[in-house]
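**Q**
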Amino acid sequence: MFFGGFPGGDGFPGMGGKGGGRGKNADTTKFYKLLEVDKGASEADIKKAYRKLAVKHHPDKGGDPEKFKEITRAYEVLSDSDKRSKYDRFGEEGLDNDGPGDAGDIFEAFFGGGGRRGGGGQRRRQKTKDVVQNLKVTLEQMYVGATKKMAITRQVIDKKKGVQECRECDGRGVKVEVVRMGPMIQQMQSQCHSCGGQGKSFQTKQEREVLEVHVQKGSPDGHKVTFREMADEHPDADAGDVIFVLKQQEHADFKRKGADLYVERKISLVEALCGFQMELTHLDGRKLLIKTQPGEIVKPMSQGFDPLAKEESKTEWEVIEDADCPSVENVAQADTTDIDTLKKACETQLKRKGIDVGCFVVDGQRAYFKQCSREEALAAKKTRRGSTMYVLPDPDAKKSFRMMKAVKDEGMPTYKNPFVHGSLFLILTIEFPDMLSPENQTAMAKLLPPPLNVPKWTEDDKDVEIHTVTDIDPVQSFNSNKVNMQAGGEAYDDDEEDGPRGGPGGPGVQCHQQ
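Each residue of the sequence shown is one higher than the one before, counting from 22 in the working numbering.
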């Protein structure tokens, strides 16, 4: 499937368009200076320099976060032979099409593109298998930062015995056997059993290492901490990576959404009307005394999502048959009508590129994406048979209403800038009294605004029924009457195939609206 680019643009990076060569003033020394090594430094020297500087500048050790990111970026490039070669020739500009930021790669991987256009590259050296390990982390550790020591055991090449060329196959990995069949000579090739087709013989040994996993302040759930080339070794491949995936554990009091924290608390009716003060011990042990402003009343407010929901629900797009919005410009198109695929593209690939799709139209074998608001799409709607509009839902339709108050800058530290914090939200539930005496009700009525419901009927009026409300579980009520809500029975069935009703030769029952 092909995914189109933007109108009037140059196409996606890495997919043709307006290319460019090395700039005249391309800087090819910056990354070497960051790691404090020469341009001719070996891979071992680069790795050693990076580890030394990473410890020195790590944010958890008091270092500068931006400096740490620059060092890490430099190491990622210089430790990869292909990227290093491009950097030495073109500088950072030559790396624009590498890595996960390449829109061409993302769209091709998602939409099944046929590879990049343009010049080819060198074959990338193989790596041994990466080792991925989940690491449980508490919310407190994600708030203040932490360092966890993890022991690993891996297979490394025995340097004392070294790597030798296989004597059986002379390093070719295959054996050639000459078979004479009468006047004919036939060569038969088979894998060398001595080296397993590798052409080399070597021995490995187990090596135990202790890795320090730095949990940075504000690390998101699922964040990956990577140790380059720390997996098993092989002479014909680079060592893979050891990757620790941070798994945030549930907290008894705090719930996290991004950089915001949520805490549930109960307050009385008096506190809701007259204000409250409450104590809260934060994730770092600080004692907070939280209070409302004088004269402030706690009342429900609307949110675009339920903060207590375990995960965000999928977007339910509004479907409008036989409709299009042709006056809204297309920003991209896809040669597919698979709705789930198109929805996923809107919420992932296109959103990462800064394109907020408010509507997409499926027409025949193709889909068109529109960058607009819901209101703009509906205002431009035109009847078009065979086309189907998918419009973002009304944001007010599923809003949650809760009583909430917030404390600014007391949420989680943000990952990219730990000095910037989210907000701390208090989700409040009013605990009402079971009963109030008539005297207290009368006294309270004098203090509060007048009631909104003032009936004109009285209990003594003729034909007025008096009912008193009570507490009933709605789920239980629904289930208890479910059996009585099932339609059925012969009186409601009408089977045309059985012929007319009413006995032999007689007409069926005729129903007419009066």
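Note that the Cβ used here is the ideal one computed from N, Cα and C, for glycine as well.
Just to check my reading of the structure: Val-382 and Thr-409 have Cβ atoms closer than 8 Å, yes? What is that Cβ distance to the nearest angstrom?
**A** Val-382 to Thr-409, Cβ: 7 Å. Contact.
**Q** Who are the near neighbours of Glu-64 in its chain, counting only those whose CB is closer than 7 Å to its CB and skipping five residues on each side?
**A** Ser-100
**Q** How many Å lie between Gly-407 and Pro-347 at the Cα?
**A** 14 Å
**Q** What residue range does the beta strand (DSSP E) around Asp-345 cover?
**A** 339 to 345
**Q** Output the residue ranges of the beta strand (DSSP E) runs that lie fully inside the segment 146 to 189 and measure 3 residues or longer, sorted by chain position.
**A** 152 to 158, 167 to 178
**Q** Helix, strand or coil, according to DSSP, for Phe-89 in the structure here?
**A** In the three-state scheme derived from DSSP, where H, G and I count as helix and E and B as strand, Phe-89 is classed as helix.
**Q** Helix, strand or coil: how does DSSP classify Tyr-108 here?
**A** helix
**Q** Cys-380 bridges to which residues according to DSSP?
**A** Lys-391, Val-412
**Q** What residue from Val-195, Ile-178, Asn-155, Glu-460 has the CA that sits closest to Gly-218's CA?
**A** The alpha carbon of Gly-218 has as its nearest neighbour, out of Val-195, Ile-178, Asn-155, Glu-460, the alpha carbon of Val-195.
**Q** Please work out which residues of its chain come closer than 7 Å, Cβ to Cβ, to Phe-248, disregarding the five sequence neighbours upstream and downstream, and give them in chain order.
**A** Leu-232, Asp-262, Val-263
**Q** Look up Ala-130 in the DSSP assignment and say whether it is helix, strand or coil.
**A** Summary for Ala-130: the model assigns pLDDT 33, below 50, so the residue's position carries little reliability; its value from the coordinates is reported in the next sentence. Ala-130 falls in the helix class under three-state DSSP.
**Q** Alpha carbon to alpha carbon, how far is Ala-130 from Glu-300?
**A** Legend: pLDDT at Ala-130 = 33, less than 50; position of this residue unreliable, value from coordinates given subsequently. Their backbone Cα atoms lie some 51 Å apart in a straight line.
**Q** Just confirm the distance between the C-beta atoms of Leu-55 and Ile-92, as a whole number of angstroms; I'd bet it's less than 8 Å.
**A** 6 Å
**Q** At the level of alpha carbons, what is the spacing between Lys-278 and Gln-147?
**A** 39 Å
**Q** Just checking my contact of Asp-103 with Thr-49 at CB under 8 Å: how many whole Å lie between their CB atoms?
**A** With a Cβ gap of about 15 Å, Asp-103 and Thr-49 do not count as contacting.
**Q** My understanding is that Tyr-156 touches Leu-267, with C-beta atoms under 8 Å, so please give their C-beta distance in whole angstroms.
**A** The question names Tyr, yet the displayed sequence has Leu at residue 156. Indeed, because the Cβ distance is near 6 Å, the residues count as touching under 8 Å.
**Q** Do Tyr-389 and Val-340 have their C-beta atoms closer together than 9 Å?
**A** Between Tyr-389 and Val-340, the C-beta gap is not smaller than 9 Å, which leaves the two residues out of contact.
**Q** Rounded to a whole number of angstroms, what is the C-alpha to C-alpha distance between Phe-111 and Gly-61?
**A** 17 Å
**Q** Where DSSP assigns a beta bridge to Lys-320, which residues make up the other side?
**A** In the DSSP output, where bridge partners are listed per residue, Lys-320 has none listed.
**Q** Using DSSP bridges, identify the partner residues of Ile-487.
**A** DSSP links Ile-487 through a beta bridge to no other residue.
**Q** Taking 9 Å as the cut-off, decide whether the C-beta atoms of Lys-150 and Val-184 are in contact.
**A** no
**Q** Check whether the Cβ of Thr-369 sits closer than 8 Å to any heavy atom of the ligand GDP, and report yes or no.
**A** Ligands are entirely absent from the displayed structure, and the ligand GDP is therefore not among its contents.
**Q** Less than 9 Å separating the beta-carbons of Ile-178 and Gln-224?
**A** yes
**Q** How should Asp-191 be labelled, buried or exposed, when 16 other C-beta atoms within 10 angstroms of its C-beta is the threshold for buried?
**A** exposed
**Q** With a cut-off of 8 Å on the beta carbons, I'd call Pro-425 and Leu-447 a contact; round off their distance for me.
**A** Before going on, a small fix: residue 425 reads as Met here, not Pro. Indeed, because the Cβ distance is near 6 Å, the residues count as touching under 8 Å.
**Q** Only counting the same chain, and skipping five residues up and downstream in sequence, which positions put a Cβ closer than 6 Å to that of Ala-398?
**A** Cys-346, Gly-379, Cys-380, Val-412
**Q** Met-251 by DSSP, collapsed to three states: which one?
**A** Three-state result, Met-251: coil.
**Q** CA-CA distance, Asp-492 and Pro-321?
**A** 22 Å
**Q** I'd like to confirm the pairing. Which residues does DSSP put opposite Gln-270 in its beta bridges?
**A** For Gln-270, which the question treats as bridged, DSSP gives no partner whatsoever.
**Q** For Met-171, which option in Val-165, Glu-186, Val-153 has the closest C-alpha, if you only look at C-alpha atoms?
**A** Val-153
**Q** Take Lys-312 and list the residues in its own chain whose beta-carbon comes closer than 6 Å to its own, dropping the five residues that flank it on each side.
**A** Gln-298
**Q** Got a sec, what are the start and stop residues for the alpha helix (DSSP H) His-235 sits in?
**A** Run containing His-235: none in the alpha helix (DSSP H); it sits in the beta strand (DSSP E), 225 to 236.
**Q** If you measure from the beta carbon of Pro-256 to each beta carbon in chain C, is any gap under 9 Å?
**A** No chain C appears in this structure, which consists of one protein chain only.
**Q** In the DSSP assignment, the alpha helix (DSSP H) including Arg-72 goes from what residue to what residue?
**A** 64 to 78
**Q** Rounded to the nearest angstrom, what separates Met-205 and Tyr-96 at their Cα positions?
**A** 58 Å
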